[in-house]
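Encoded as structure tokens, the structure appears first; notes follow it.
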Amino acid sequence: WPERHAILDEAGKGAVFHLPLTSREVAFICRAKVVALLRPGDVWVFSGGQPHTALCVGDGLNVSAYESVVPAHPEAVGLLVRSNTKFSHWRNCWMDDDDLDELYEDVVDCIQTSLRDEELEQRVRRRLEACVEAMRKDGDAYCRELWRQEDAGERRRRREEDDSDGQRSQGSSSRSASRGRLEERPAKQAKSTGSGDC
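Those letters in the sequence shown? Residues 1 to 198, by full-length UniProt numbering.
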């Protein structure tokens, strides 16, 4: 969806629209790929890797919460491991590389813990194995290194490492140097479902 970054560049991060909407705000809404109306009590889930917002309209009390959720689906995990790349993620929302590395470590740990569960349903096991393949194929250099270490039984969790400043800063700089973000990867074309009319 080619507009996904242009709208954010033009509107700015954290733009809030208030009634009555201006013609400029209406124009931004018309360019959205999807507009869905939420009613009180509705639950919505969307990918954090794409521009999104949620709004409850009305005079009553509306409560919203934001939580990062990555479903156990190879496409969702593939999007996660393309975080911090110009083709998939708006630059002003990129995570700190060290935080992203730690998130990848947590995801690898959670998947491995689940796959070791002998009572895991086969359908869920197949889905998680597909997620592992997506991380191996689409992940950056650090993500692929995590799986290489996992396969070799060599991986130590960062939280288990010595907290001395020397070791931590040395490890951090070597990780940052080997990140190998996927900047050169060509963007996959998203299918547009919008009609162009608002």
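Where is the CB? At the ideal position from N, CA and C, for every residue including glycine. Please read these numbers as outputs of a predicted model, since none were measured by experiment.
Requested in this report: Look at LEU80 and VAL69 and say whether their C-beta atoms are less than 8 Å apart.
Outcome: Reading the sequence shown from its first residue, position 80 is the one you call residue 80. Reading the sequence shown from its first residue, position 69 is the one you call residue 69. Going by beta carbons, LEU80 and VAL69 fall outside the 8 Å limit.
Query raised in the report: Are the region 21-41 and the region 101-115 touching, with three or more C-beta to C-beta distances below 8 Å?
Result: In the pairwise beta carbon analysis, the region 21-41 is classified as not touching the region 101-115: fewer than three pairs are separated by under 8 Å.
**Report entry** ALA152 - containing alpha helix (DSSP H), residue span
**Finding:** Along the sequence shown, read from residue 1 onward, the residue named residue 152 stands at position 152. Bounds of the alpha helix (DSSP H) holding ALA152 are 141-152.
**Report entry** PRO71 - DSSP class collapsed to helix/strand/coil
**Finding:** The sequence position of residue 71 within the sequence shown is 71, counting from 1. Correct three-state label for PRO71: coil.
Report task. Keeping to the same chain, check which residues put their C-beta closer than 8 Å to that of MET95; ignore five residues upstream and five downstream. Result -> Mapped onto the sequence shown, residue 95 falls at position 95. Within the same chain, Cβ atoms closer than 8 Å to the Cβ of MET95 are found at SER83, ASN84, LEU103, the five residues on either side in sequence being excluded.
Query raised in the report: With DSSP run on the structure shown, which of helix, strand or coil describes VAL132?
Result: Locating residue 132 in the sequence shown gives position 132, counting from the first residue. Residue state, collapsed to three classes: helix.
**Report entry** ASP97 to ALA134 span [Cα, whole Å]
**Finding:** Taking the first residue of the sequence shown as position 1, residue 97 is located at position 97. Taking the first residue of the sequence shown as position 1, residue 134 is located at position 134. Taking the CA atoms as reference points, ASP97 sits about 20 Å from ALA134.
Query raised in the report: Exposed or buried, what is ASP117 when buried is set at 16 or more other beta-carbons lying within 10 Å of its beta-carbon?
Result: Mapped onto the sequence shown, residue 117 falls at position 117. By the Cβ-count criterion, ASP117 is exposed, with fewer than 16 other Cβ atoms from all chains shown falling within 10 Å of its own Cβ.
**Report entry** Buried versus exposed, by CB contacts within 10 Å (16 or more), ASP140
**Finding:** The residue given as residue 140 occupies position 140 in the sequence shown. Answer is buried; the Cβ neighbour count reaches 16.
Query raised in the report: In terms of residue numbering, what span does the alpha helix (DSSP H) encompassing GLU118 cover?
Result: As a position in the sequence shown, residue 118 is number 118, starting the count at 1. No alpha helix (DSSP H) contains GLU118, which DSSP labels as neither H nor E.
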